[in-house]
Structure formats: C-alpha cells, structure tokens
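J.: This is the structure I have questions about; it appears just below.
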Amino acid sequence: MSEQASTLSRPTATKRVPVLRLAGIERHYKEGAGRLNILSGANLSVYPGELVALVAPSGAGKSTLLHVAGLLEKPDAGDVFIDEKPLGELNDANRTIIRRLQIGFVYQFHHLLPEFSALENVMMPQLIRGLSKAEAAKRAAELLSYMRLGERKDHRPSELSGGEQQRVAIARAVANAPRILLADEPTGNLDPTTAHYVFDALAALVRASGLAALIVTHNMDLAERMDRRITLNAGKIVEF
Amino acid sequence: MSMVAHSPPSAGPARRLVDGRRLIIGIVLLLTAIVIIAPVGVILIQAGSQGFGAFLGSLSTSDTRAAIGLSLVTALIVVPINTLFGIAAAWAIAKFRFPGRKLLLAIVELPFSVSPIVAGIAYLFVYGGQGLLGPFLDAHDLKIMFALPGIVLASMFVTAPFVARELIPLMTLQGNDDEEVAATLGAHGRQIFFRVTLPNIRWGLLYGIVLCNARVLGEFGAVSIVSGSIRGETNTLPLQIELLYHDYNTAGAFAAASVLTLVALVTLVVKLILEARIGEGH
Ligand SMILES: Nc1ncnc2c1ncn2[C@@H]1O[C@H](COP(=O)(O)OP(=O)(O)OP(=O)(O)O)[C@@H](O)[C@H]1O
Ligand SMILES: [Mg+2]
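Protein chains in written order, with our numbering: chain A, 1063 to 1302; chain B, 18 to 299.
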C-alpha cells in the first residue's frame, strides 16, 4: 500500500487553493438567426482530493462544460484556471501540453484501443508524453493493480467485462499523474452494482492522489456519495 | 402436426415472389451482358486477334505512346491534388459545423451534375484566346488552353468530387470521438490527423483515389475541348482513340482502347478488394 501511495500521491498544498477554477464561462452556439446560450457565466472551484458531481438534464450543457474545463473547446468568455494560472491566453501547442500532463478524461464508453492490451493502453499517454517503455510499463502495471486488474493486464479490451474496461480507462486517464480528472458519465453504461464498484475504485484513486474530479452522472446514488453536487441552471452552476 | 395440417402451404404468393425475383435478376444479367460485358469483350478480343506483336506494334506508334504518356502525367498531377482537396473538403464538411457548410457540400458535388463538355467550354471562356483572361495570358506568354495546364484543370474539375464523396459519409459516421480521445490523451493536431483520422479512413480514401485515377485516365468530354487535339502533343489516350478511329485505324483504336479497358478492369478488382476491406472495418 505504501508503495502505491508513493506513486499516486502528490504533495498537498498547505493553503486550500482550487486545482480547477472556472470563472464566468460563457459558451453559445449560433442557431439560425438566434443564439443558443449553453453556458452563461458558469463559476466553479474544485479542490485537491475532491469529487464534484455534475447532475443536470440532457442538453443542459454538461459535456460542453467538461470540454471547456478540459481545454478541448475555448469559451466565448471567461477563463479556466489550473492552480490559479489562467489558461485563456495559451496557444494550441501549450494547451495540448496541459491536456497531456494535467488533465485526465474518462468517457461513458471506454474508447480503449482494441488492438492493444490493457497494459499497453495505459502506457499510451505516457509514451505520447515521451517516457521510456520501461518506465511507462512500470507505472501502468502499478495503476492496473491499484484498480484490481493486475491479473488482467495482458488482456485486450474485448476480453474484459464492461466494468473492467472502464477501470482500465480510468487508469489510462491518470497515467500521466494529472491534477484534474474529468469524467462524462463514467458509469453510464454499467449495471448498478458494477457502477458502484467502478466508482469506488475511481473515488479511492482521486482521494489517494489528491486529484480534483468533476464527474457527470445521472446516477443520484453515486452523486450522493461525492463531496458536492452541482447542476446547471440557465447556463449557471448552482449547488444543490 | 395438426398446425401443419391446418395451415395450407403458402407456396402460392411466395412462389410468385421467387419467380418475380428470378425475372428481375435475369433481366439485369441480360442487360449487363448486352451493355457491359459484350463491348468490353469485343475490345479485348479485337485487340488480341491481331496477335500480341501487332498489338504492341499498334501501341508503340509515337503518337499513341505520347498520348499514353500525357494521360499518365495528367493523372500524376491531378490525382494527388484532388486527393488533398477531397480530404480537406470531407474533413471540414464532416467534422465541423460552420456557416456555408451546405453550400460547400453542393459545390463539391457540382461537377457530377455538370456535363464535362460544358465544363470544358467554361474553361475556354475563361482561359481561351478570346476568353476573359485571354489577353492577360497572351501578354505574359502563358499558355493554358491547348496545353498541359488546360488538360490538368479540366481533369481536376471533372474528378474533384471523387475522393470527397467517398470520405464525407465515412467521416460523418465516425464522428469526432476518436480524435477527441486522442486529444485528451495529449496528442497534438498533427499526431491526431496522421495517427487517428487518416488510418480510420484509409480504405475509403484508397477507394476514392482509385476511382479518381480511372476517371482522369478515361475523361473525354472536358479534355476534348481544352486540349485542341494536337497529334502527339496534346492528345490524351481517349482523344487518341477517337482520332485513330476517325483515321479508320481500327486495329490501333482497339489496341489503345484495350489499354483503358485494362485500367478499368484493374480498377474493378482493386475496388472489390477495397470494398471487402471497408466492410471488415465496421
Ligand atoms: N457544435 C455544436 N453546435 C451547436 N449546438 C451544439 C453543439 N454542441 C452542442 N450543442 C448543443 O448544446 C447543448 C448542450 O450540449 P451538451 O452536449 O453539453 O449537453 P449535455 O448536458 O452533455 O447532454 P447529455 O446529457 O445528453 O449528454 C445541446 O442542446 C446541444 O445540442
Ligand atoms: Mg453529454
């Protein structure tokens, strides 16, 4: 356990500084002659080791918010801060580097590469980052055993169950030891029992490594088990 | 058992259906034989009947050789350009929503609905001696009409949609998921394009390239207007075939035509292989 803690944990800040902060985010789409306001002044702070549940109806803008927070989309106004550093002025190359090193994503569907084993899938982002194969394999194996998949690391995604696939996807998302984990309905495709099991693994990982996690879910049971619950109301974020 | 006894065999309507299907299949096969197989067969037989030596002899007259060369050069220029254009257009249309997207789609497909000869005339109006840019081109000693640039332009126009039209439905179907995941894993734009987008569309892309190539080599209408049909200089292979035919050089015409027919047959085989690959991919 201590060995896992050493690879997964990060130095905790003495001051409580949000890892992820969204300030006055606006995002709208043109719709015919009019304008579709999806986010209009969304504010949010997520702290180290914290799990925030985002629960809102379909079409409310949950995925849009995650895209903005994950630097996949630029907001029309407002800014995203990581460790209180504003990211709005960064060019594409630097945004890519932040995505690579600071942000992990998990989706409803695992999107693992079918031709590669679980271990190789978790190695992939580390190889993209430029680590050696040996280093990447070592950390990938640690993460997979942390996710209780040590025995299955040489299986391909098609040889794994839905819950196992999703746990591999979570391991891959944190392979580069990011500061932030963004998940869009990570258990949306799983039965309730498996969903809880996968969520347990994810929550343990977030707490052990001091990640800031923003998790979209439609499952109220899971939302209850997180630290805070927020929703989107007329493009703004409100706690409930 | 009683069930079977009580329900009479429904062979009546079903049989009629089967008969109808046979009839339709029969008609299709007959039409295929008359319209496609017979002429292709005749060309190959006619070309072959003179013996292989004579066949090669007909092909190696200097005019025919020059025509084959010109067609190949045209394809070597046009196919890569239209491949790049097709990828770019399909990428923009399939992966983004932007104002003018529908218009771009319509423009990309326009060459399919314009008669090639009309396209040729249009180029003549723009680049010809009496055309819009004629005086300017003359003044700068630039020759576009009745020369390689005109042939390339006309061929480009006619074959512009081939790659794009293969890729648009494919890329629309695939959506942005894979690209997005690659971005979240820290891949940058170029990596995403070359390692995710391109591999995903490779068979469809090859398919479009093969069709584009066959059409460039075979294009007659548009090229016949802009080339000026100068023997041994601006005659592409299809134009040369027409010329040989008008010269009553039947053997030469059939030999040259068989070259294009072989290109078509090779295209057909490659097309079938690629279709099987595309089928596997899904
Ligand atoms: N590129 C776009 N152009 C126009 N409208 C868009 C675009 N992307 C998203 N939208 C619209 O923005 C709204 C919010 O979309 P979003 O995907 O964020 O919703 P969501 O809350 O994640 O919904 P779900 O629970 O169904 O996933 C939707 O009405 C959607 O149609
Ligand atoms: Mg969504």
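Just so it is clear, CB atoms sit at the ideal spot from N, CA and C, and this is done for glycine as well.
Distance, Cα to Cα, residue 265(B) vs residue 194(B)?
T.: The residue labelled residue 265(B) in the question sits at position 248 within the second sequence. The residue labelled residue 194(B) in the question sits at position 177 within the second sequence. Their backbone Cα atoms lie some 60 Å apart in a straight line.
J.: Check whether the Cβ of residue 1173(A) lies closer than 8 Å to any Cβ atom in chain B.
T.: Counting from 1 along the first sequence, the entry for residue 1173(A) is found at position 111. By this cut-off, residue 1173(A) is an interface position.
J.: Have a look at 57(B), 192(B), 102(B) and flag the residue whose alpha-carbon is nearest the alpha-carbon of residue 176(B).
T.: Counted from its first residue, the second sequence places residue 176(B) at position 159. Ranking 57(B), 192(B), 102(B) by Cα distance to residue 176(B) puts 102(B) first.
J.: Give the single residue among 1171(A), 1218(A), 1141(A), 1212(A) whose Cα lies nearest to the Cα of residue 1179(A).
T.: Translated into the one-based positions of the first sequence, residue 1179(A) becomes position 117. Closest option to residue 1179(A), Cα to Cα, is 1218(A).
J.: Would the segment 214 to 228 of chain B count as touching the segment 140 to 157 of chain B if we require 3 or more Cβ pairs under 8 Å?
T.: No, because fewer than three Cβ pairs between the segment 214 to 228 of chain B and the segment 140 to 157 of chain B fall closer than 8 Å, the two stretches do not touch.
J.: Identify the contact partners of residue 203(B) in chain A, using a Cβ-Cβ distance below 8 Å as the criterion.
T.: Walking along the second sequence from the start, residue 203(B) turns up at place 186. Under the 8 Å cutoff, chain A gives 1158, 1159, 1161, 1162, 1163, 1187, 1190, 1191, 1238.
J.: Would you call the CB atoms of residue 128(B) and residue 178(B) closer than 8 Å?
T.: Here residue 128(B) is taken as the residue at index 111 of the second sequence, counted from 1. Here residue 178(B) is taken as the residue at index 161 of the second sequence, counted from 1. Yes.
J.: Suppose the cutoff is 7 Å on Cβ atoms and the five residues either side in sequence are ignored; what does the same chain contact list for residue 1066(A) look like?
T.: Reading the first sequence from its first residue, position 4 is the one you call residue 1066(A). Low local confidence applies: a pLDDT of 45 at residue 1066(A) is under 50, so the model's placement there is unreliable, and no value is given.
J.: With a floor of 3 residues, list each beta strand (DSSP E) that falls wholly inside the segment 1154 to 1228 of chain A, ordered by position along the chain.
T.: Listed in chain order, the complete beta strand (DSSP E) runs (minimum 3 residues) inside the segment 1154 to 1228 of chain A are 1165 to 1168.
J.: Where residue 1191(A) and residue 1162(A) are concerned, what is the direct C-alpha to C-alpha distance, given to the nearest angstrom?
T.: Counting from one through the first sequence, the residue named residue 1191(A) turns up at place 129. Counting from one through the first sequence, the residue named residue 1162(A) turns up at place 100. Using only the alpha carbons, I get a separation of about 7 Å.
J.: Cβ of residue 189(B) versus every heavy atom of ligand 1: is any distance shorter than 7 Å?
T.: The residue you call residue 189(B) lines up with position 172 of the second sequence. No, the Cβ of residue 189(B) stays beyond 7 Å of every heavy atom of ligand 1.
J.: What is the C-beta distance between residue 243(B) and residue 167(B), in whole angstroms, given that I count them as a contact (C-beta under 8 Å)?
T.: In the second sequence, residue 243(B) corresponds to position 226, counting from 1. In the second sequence, residue 167(B) corresponds to position 150, counting from 1. That pair is a contact at about 4 Å.
J.: Quick check on the burial criterion: 16 or more other C-beta atoms within 10 angstroms. Buried or exposed for residue 207(B)?
T.: The residue you call residue 207(B) lines up with position 190 of the second sequence. Exposed.
J.: Would DSSP call residue 1007(A) helix, strand or coil?
T.: Since the displayed chain A opens at 1063 and closes at 1302, residue 1007(A) lies outside it and no answer follows.
J.: Measuring straight from C-alpha to C-alpha, what distance separates residue 1284(A) and residue 1227(A)?
T.: Working through the first sequence from its first residue, we reach residue 1284(A) at position 222. Working through the first sequence from its first residue, we reach residue 1227(A) at position 165. In a straight line, the C-alpha of residue 1284(A) is about 19 Å away from that of residue 1227(A).
J.: Residue 203(B) by DSSP, collapsed to three states: which one?
T.: Residue numbering aside, residue 203(B) sits at position 186 when the second sequence is read from its first letter. Note: residue 203(B) maps to coil in three-state DSSP.
J.: Just checking: is the beta-carbon of residue 1082(A) within a distance shorter than 8 Å of some beta-carbon in chain B?
T.: Position 20 of the first sequence holds residue 1082(A). Output row for residue 1082(A): interface = no.
J.: Going by DSSP in three states, residue 1139(A) sits in which element: helix, strand or coil?
T.: Here residue 1139(A) refers to the residue found at position 77 of the first sequence. Residue 1139(A): strand per DSSP, three-state reduction.
J.: Would you kindly report the start and end of the unbroken beta strand (DSSP E) that includes residue 1286(A)?
T.: Position 224 of the first sequence, counting from 1, holds the residue named residue 1286(A). From DSSP, residue 1286(A) is part of no beta strand (DSSP E) but of the alpha helix (DSSP H) over 1282 to 1286.
J.: Do you know how far the Cα of residue 1276(A) is from the Cα of residue 1145(A)?
T.: Here residue 1145(A) corresponds to residue number 83 of the first sequence, with the count starting at 1. Here residue 1276(A) corresponds to residue number 214 of the first sequence, with the count starting at 1. Taking the straight line joining both Cα atoms gives about 15 Å.
J.: Figure out for me which residue from 1170(A), 1157(A), 1101(A), 1123(A) has the closest Cα to the Cα of residue 1253(A).
T.: Counting from 1 along the first sequence, the entry for residue 1253(A) is found at position 191. Nearest option by C-alpha distance: 1170(A).
J.: Along the alpha helix (DSSP H) that carries residue 1078(A), what are the first and last residues, could you check?
T.: Walking along the first sequence from the start, residue 1078(A) turns up at place 16. Run containing residue 1078(A): none; DSSP gives neither H nor E here.
J.: Counting Cβ pairs closer than 8 Å, one from the segment 1086 to 1096 of chain A and one from the segment 1123 to 1132 of chain A, do we hit at least three?
T.: Cβ pair count under 8 Å is three or more, so yes.
J.: Given that a residue counts as buried once 16 or more other Cβ atoms are within 10 Å of its Cβ, and exposed if not, what is residue 297(B)?
T.: Along the second sequence, read from residue 1 onward, the residue named residue 297(B) stands at position 280. When all chains shown are included, residue 297(B) counts as exposed.
J.: Should residue 197(B) be flagged as near chain A, meaning a C-beta pair shorter than 8 Å?
T.: Working through the second sequence from its first residue, we reach residue 197(B) at position 180. At least one chain A Cβ lies under 8 Å of residue 197(B).
J.: Only counting the same chain, and skipping five residues up and downstream in sequence, which positions put a Cβ closer than 7 Å to that of residue 278(B)?
T.: If you number the second sequence from 1, residue 278(B) lands on position 261. Hits under 7 Å: 57, 60, 61.
J.: With DSSP as the reference, label residue 1091(A) as helix, strand or coil.
T.: On the first sequence, position 29 is the one that residue 1091(A) refers to. Three-state DSSP puts residue 1091(A) in a strand.
J.: Starting from residue 1096(A), trace the beta strand (DSSP E) both ways and give me its first and last residue.
T.: Within the first sequence, numbered from 1, the residue matching residue 1096(A) stands at position 34. Start and end: 1096 to 1108.
J.: May I ask you to list, following chain order, the residues of the segment 1141 to 1158 of chain A that have a beta carbon less than 9 Å from some beta carbon of chain B?
T.: Correct list: 1154, 1155, 1158.
J.: Taking the C-alpha atoms as reference points, what is the distance between residue 91(B) and residue 169(B)?
T.: Position 74 of the second sequence, counted from the first residue, corresponds to residue 91(B). Position 152 of the second sequence, counted from the first residue, corresponds to residue 169(B). Going by the C-alpha atoms only, they are around 6 Å apart.
J.: For residue 294(B), which residues in the same chain have their Cβ closer than 8 Å to its Cβ, ignoring the five residues on either side in sequence?
T.: Position 277 of the second sequence holds residue 294(B). The residues are 220.
J.: Mind pulling the chain B residues with CB within less than 9 Å of residue 1134(A)?
T.: The sequence position of residue 1134(A) within the first sequence is 72, counting from 1. Those within 9 Å of residue 1134(A) in chain B are 197, 200, 201.
J.: Answer with yes or no whether the minimum CB distance from residue 296(B) to chain A is below 8 Å.
T.: Position 279 of the second sequence, counted from the start, is the residue given in the question as residue 296(B). No, because no Cβ of chain A sits closer than 8 Å to the Cβ of residue 296(B).
J.: Is there at least one non-hydrogen atom of ligand 2 closer than 7 Å to the beta-carbon of residue 194(B)?
T.: Residue numbering aside, residue 194(B) sits at position 177 when the second sequence is read from its first letter. No, the Cβ of residue 194(B) stays beyond 7 Å of every heavy atom of ligand 2.
J.: Are three or more beta carbon pairs between the segment 1146 to 1157 of chain A and the segment 1092 to 1103 of chain A nearer than 8 Å?
T.: No, they do not touch.
J.: Count the other CB atoms, across all protein chains shown, that sit within 10 Å of the CB of residue 1233(A); report buried if there are 16 or more and exposed otherwise.
T.: Indexing the first sequence from 1 puts residue 1233(A) at position 171. Classification for residue 1233(A): buried.
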